[in-house]
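Asks: Submitted below is the structure of interest, expressed as structure tokens.
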Amino acid sequence: MLKKEFPQIHYYDQDFVDIYDRTWAWMSDFWRKADPDVGIKNPHYAYHEGNSLSLFESCISSFYLVYFNKKYPVHLMLDNFYALQEESGAIRGSYDLETGKPILTEGNPEGL
Numbered sequence: 181m182l183k184k185e186f187p188q189i190h191y192y193d194q195d196f197v198d199i200y201d202r203t204w205a206w207m208s209d210f211w212r213k214a215d216p217d218v219g220i221k222n223p224h225y226a227y228h229e230g231n232s233l234s235l236f237e238s239c240i241s242s243f244y245l246v247y248f249n250k251k252y253p254v255h256l257m258l259d260n261f262y263a264l265q266e267e268s269g270a271i272r273g274s275y276d277l278e279t280g281k282p283i284l285t286e287g288n289p290e291g292l
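Below, the structure is given as structure tokens:
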């Protein structure tokens, strides 16, 4: 059986509710706006200290963010990586939030 929506959260335990609410308050601090000038066309999740859009962090956070009643559009967050996809089909692991360029290092010259 296919479902069209993600499961809803049911509030049974007040301690759970308090932790749940606090988690979302923290999450809003890490939600960033789109920057079409550098190719990041949709809002996304990223640490304050960091200056990169990480494919790994975006994928992992998408499992969690879908449960907040559609406030965080995770499908659009992942679309950022398709917008930055190269002609060869490559999607790199991290992109600089200021330039939109892939982050390549000596230890990871392909940025995978």
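The sequence shown begins at 181 in this note's numbering and counts up by one. A virtual CB, placed ideally from N, CA and C, is assigned to each residue, including glycine.
Buried or exposed: where does HIS228 fall if 16 or more other Cβ atoms within 10 Å of its Cβ makes it buried?
Replies: Here residue 228 refers to the residue found at position 48 of the sequence shown. Classification of HIS228: exposed, given that the 10 Å Cβ count is below 16.
Asks: Beta-carbon within less than 8 Å of ILE283's beta-carbon, same chain only, minus the 5 sequence neighbours each way: which residues are those?
Replies: Stepping through the sequence shown from its first residue, residue 283 is reached at position 103. Contacts found: SER232, ARG272, GLY273, SER274, TYR275, ASP276 and GLY291.
Asks: Hey, how far is the Cα of GLU286 from the Cα of VAL197?
Replies: Walking along the sequence shown from the start, residue 286 turns up at place 106. Walking along the sequence shown from the start, residue 197 turns up at place 17. Distance between the alpha carbons of GLU286 and VAL197 is about 45 Å.
Asks: Thinking just about the alpha-carbon of each residue, which of TYR225, GLY230 and ASN260 is nearest to the one in PHE243?
Replies: The sequence position of residue 243 within the sequence shown is 63, counting from 1. Nearest of TYR225, GLY230 and ASN260 to PHE243, Cα basis: TYR225.
Asks: So, for LEU168: in the same chain, excluding its five sequence neighbours on each side, which residues have a beta-carbon less than 6 Å away from its beta-carbon?
Replies: Lying before the first or after the last residue shown, residue 168 is absent from the chain, which here runs from 181 to 292.
Asks: Under 7 Å, do LEU264 and GLY219 count as touching if we go by C-beta distance?
Replies: Within the sequence shown, numbered from 1, the residue matching residue 264 stands at position 84. Within the sequence shown, numbered from 1, the residue matching residue 219 stands at position 39. Yes.
Asks: What residue range does the beta strand (DSSP E) around LEU233 cover?
Replies: On the sequence shown, residue 233 is found 53 positions in, with the first residue counted as 1. Counting along the chain, the beta strand (DSSP E) containing LEU233 begins and ends at 232-234.
Asks: Just to confirm, are LEU245 and PHE261 a CB contact at a threshold of 7 Å?
Replies: Against the sequence shown, residue 245 aligns to sequence position 65. Against the sequence shown, residue 261 aligns to sequence position 81. It is not a contact, given that the beta carbons lie outside the stated cut-off.
Asks: Can you list, in chain order, the residues of its chain with a C-beta nearer than 8 Å to that of LEU258? Leave out the 5 residues immediately preceding and following it.
Replies: Residue 258 sits at position 78 when you count from the first residue of the sequence shown. Once the five neighbours on either side are set aside, the close Cβ partners of LEU258 are SER238, CYS239 and SER242.
Asks: Work out the CA separation of TRP211 and PHE248 for me, nearest whole Å.
Replies: Residue mapping note: residue 248 aligns to position 68 of the sequence shown, counting from 1. Residue mapping note: residue 211 aligns to position 31 of the sequence shown, counting from 1. About 13 Å.
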